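Read the structure below first, then the notes.
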Amino acid sequence: MSFEFLNLHPSLIQAVADAGYTKPTDIQNKAIPQVLKGHDLIAAAQTGTGKTASFVLPVLNKLLDGKTEKKKRFRALIVVPTRELAIQIEQKIRLYAQHTDLVCTAVYGGTDEKLQKQALIEGCDILIATPGRLLDLYGQRALYFEEVELFVLDEADRMLDMGFIDDINRIVTRLPEEAQHLLFSATLSNKVRDLAKTATHNPYEISIAAKQASKSSIEQWIITVDKDKKSALLSHLIQTHQWRQALIFIETKHGAAKLVTQLEKRGIVAEAFHSGRSQAVRTQLLDDFKAGKVQYLIATGVAARGIDIIDLPLVINYDLPFPADEYVHRIGRTGRASAKGEAISLVSKDNFKNLCMIESRLGHLLERRVVEGFEPKKEVPVSILNYVPKHKRKEPEQK
Ligand code: AMP
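Read left to right, the sequence shown gives residues 1 to 399 (the UniProt record's numbering).
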């Protein structure tokens, strides 16, 4: 089916054609008609499935349909967990709304709020916000929720993981009763469903099958190696393969900075991306990485969600993340919109528990490789696929 059948405004059809999209993705086919009909929605979809357009396009369409002259206060509010995601969604909205006169702005922490306040005074149709800054500006009466017709909560599971539940409840209770609510989440856990009970009314539910979301277009394997040999192995791999670009995930800020220095000593230029760097630096680094000016980006989990880097060929897990879903989000930075991607994880014996959980989550063992000269002295055992962490194991009933 093509975009023409979704009953979208011609200016939006033109914008998706300009973006090079020939047909809607699965989530777009399912979500767009429901949002246009006015239903509340809860949708389980990972990033990479085209989910941003699945809510942005119908939201823009509804704003175009009911265009008011007031344009003083925003009529659509999109709340997201991270600044990077706010910036990215703002860019996508600008792209999809380029043939309309709808205006969007984003407010998020880590940057001077004066400019954001100014943009709010000038007026916008769509506001994208992180919860803290949104409530902060609300408290200062720099913005009002009374004209909100459409409310989108993106990456709801991530919001809960980041402890935003109280903030979300505060926002939801201040919205006009008749507003249409859309909730998107990578997974629909019980916690997300509980949130959906307060954040949506009688929602239409969409779930993009886990198989589609688990990205078969990504070739994944692990390299077993001793922990103290990881940085030498990474340098060796970079020098041997001369990859065009790679996003390298590591657990800690300190680890990221250290790895940059270690690579530098071996003549490899990389940049560290983590929450300890200023927002301006993070934004610049992401822009440079997207533009191909930075070849190797060493990032902590802040870059694991939502961030859309077109045509990223490779993700490397220097550490294995916990929980297992985080692995899926990390590798999802490559192989976007069914392009081919590779994901390599460097696994040492102390990563074994995380490996078990990841392979159990995927439902299969990952292919193992060993690199000559880096054979591990401490062997990594083969995972037990039905591994249950101790705290989740049921105690045998007492007699
Ligand atoms: P998202 O899941 O929203 O982060 O989107 C993932 C990527 O898919 C982005 O680069 C989008 O620009 C791209 N995309 C979204 N919709 C389509 C489509 N219908 N056809 C091709 N690419 C798309």
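Backbone N, C-alpha and C fix where the C-beta goes; we use that ideal spot for every residue, glycine too. Predicted model only: the values in this text are computed from it and were never measured.
When Asp311, Glu342, Gln295, Thr224 are compared against Val382, the one with the closest alpha-carbon: Measuring from the Cα of Val382, the nearest candidate turns out to be Thr224.
Beta-carbon proximity of Asp226 to Ser348, cut-off 9 Å: Taking 9 Å as the cut-off, the Cβ atoms of Asp226 and Ser348 count as close.
Bridge partners - Cys104, DSSP secondary structure assignment: The partner list for Cys104 (beta bridge, DSSP) reads Ile126.
Three-way DSSP call (helix, strand, coil) for Arg282 in this model: For Arg282, the secondary structure class from DSSP, reduced to helix, strand or coil, is helix.
Lys92 to Glu375 span [Cα, whole Å]: Cα to Cα, Lys92 sits roughly 45 Å from Glu375.
Among Glu367, Asp325, Ala343, Gly332, the one whose alpha carbon lies nearest that of Asn354: Put simply, of Glu367, Asp325, Ala343, Gly332 the residue whose alpha carbon is nearest the alpha carbon of Asn354 is Asp325.
Per-residue burial, Met357 [other beta carbons within 10 Å of its own, 16 or more giving buried]: Flag for Met357 reads buried.
Distance between Lys265 and Gln245 (C-alpha atoms, nearest Å): Taking the CA atoms as reference points, Gln245 sits about 19 Å from Lys265.
Which of helix, strand or coil DSSP assigns to Tyr204: Of the three classes helix, strand and coil, the one that applies to Tyr204 here is strand, per DSSP.
Cβ pair count under 8 Å reaching 3, the region 34–41 against the region 173–187: Yes, they touch.
At least 3 beta-carbon pairs within less than 8 Å: the region 25–36 vs the region 76–96: Too few Cβ pairs lie closer than 8 Å, so no.
Beta-carbon spacing of Arg83, Thr130 below 9 Å: For Arg83 and Thr130, yes; Cβs fall inside 9 Å.
Thr82 beta carbon near the ligand AMP (any heavy atom closer than 8 Å): The ligand AMP never approaches Thr82 closely enough for any of its heavy atoms to be under 8 Å from the residue's Cβ.
Counted within 10 angstroms of its Cβ, other Cβ atoms place Val328 as buried (16 or more) or exposed: Val328 should be labelled buried.
Cα-Cα separation, Arg330 to Leu320: C-alpha separation (whole angstroms): 10 Å.
beta-carbon Ile310 near the ligand AMP non-hydrogen atom, thresh 8 Å: For the ligand AMP, a non-hydrogen atom lies closer than 8 Å to the CB of Ile310.
Whether Leu345 touches Ile310 by CB criterion (9 Å): It is worth fixing the name first, because residue 345 is Ser in this sequence and not Leu. No.
Entirely enclosed beta strand (DSSP E) segments - the region 290–375, minimum 3 residues: As far as the region 290–375 is concerned, its whole beta strand (DSSP E) runs of at least 3 residues are 296–299, 314–317, 341–347, 367–369.
Rounded C-alpha distance that separates Lys117 from Leu135: One C-alpha to the other measures close to 13 Å.
Alpha carbon of Asp101 to alpha carbon of Thr198, nearest angstrom: Taking the straight line from one Cα to the other gives about 33 Å.
Cα-Cα separation between Val184 and Asp154, rounded to whole angstroms: Per the sequence shown, residue 184 should be read as Phe rather than Val. Each residue's alpha carbon lies about 5 Å from the other.
Val108 CB to nearest heavy atom of the ligand AMP below 8 Å: Before going on, a small fix: residue 108 reads as Tyr here, not Val. Not one heavy atom of the ligand AMP falls within 8 Å of the beta-carbon of Tyr108.
Glu271 - containing beta strand (DSSP E), residue span: First-last of the beta strand (DSSP E) with Glu271: 271–273.
Cα-Cα separation between Asp125 and Leu150, rounded to whole angstroms: Each residue's Cα considered, the two are about 11 Å apart.
C-alpha distance - Ala232 paired with Thr187, whole-angstrom precision: Using only the alpha carbons, I get a separation of about 36 Å.
Closest by C-alpha distance to Ile128, when choosing among Val79, Asp166, Val172, Lys293: Distances from the alpha-carbon of Ile128 to those of Val79, Asp166, Val172, Lys293 put Val79 closest.
Bridge-paired residues (DSSP) for Trp221: The secondary-structure analysis by DSSP pairs Trp221 across a beta bridge with Ile344, Glu367.
Run of the beta strand (DSSP E) containing Val80, from where it starts to where it stops: From DSSP, Val80 is part of no beta strand (DSSP E); its letter is neither H nor E.
Separation of Leu263 from Asp288, as counted between CA atoms: Asp288 and Leu263 have their C-alpha atoms some 19 Å from each other.
Closest by C-alpha distance to Gly276, when choosing among Gly267, Val269, Ala270, Thr300: Per the Cα distances, Thr300.
Three-state class that DSSP yields for residue 427 in the structure shown: Because the chain spans 1 through 399 in this model, residue 427 falls outside it and cannot be assessed.
Identity of the residues DSSP links to residue 403 by a beta bridge: This structure cannot speak to residue 403, because the chain is shown only from 1 to 399.
Whole-angstrom distance between Arg133 and Asn169, CA atom to CA atom: Taking the Cα positions, Asn169 is about 15 Å away from Arg133.
Nearest-angstrom beta carbon gap, Leu312 and Leu247 [assumed within contact, 8 Å]: For a cut-off of 8 Å, the C-beta gap from Leu247 to Leu312 is around 6 Å, short enough to register as a contact.
Cβ separation of His274 and Ala256, assumed to be a contact under 8 Å, to the nearest whole Å: With a Cβ gap of about 5 Å, His274 and Ala256 count as contacting.
Buried or exposed (CB count within 10 angstroms, at least 16 for buried), Asn351: The residue is buried, with at least 16 neighbouring Cβ atoms inside 10 Å.
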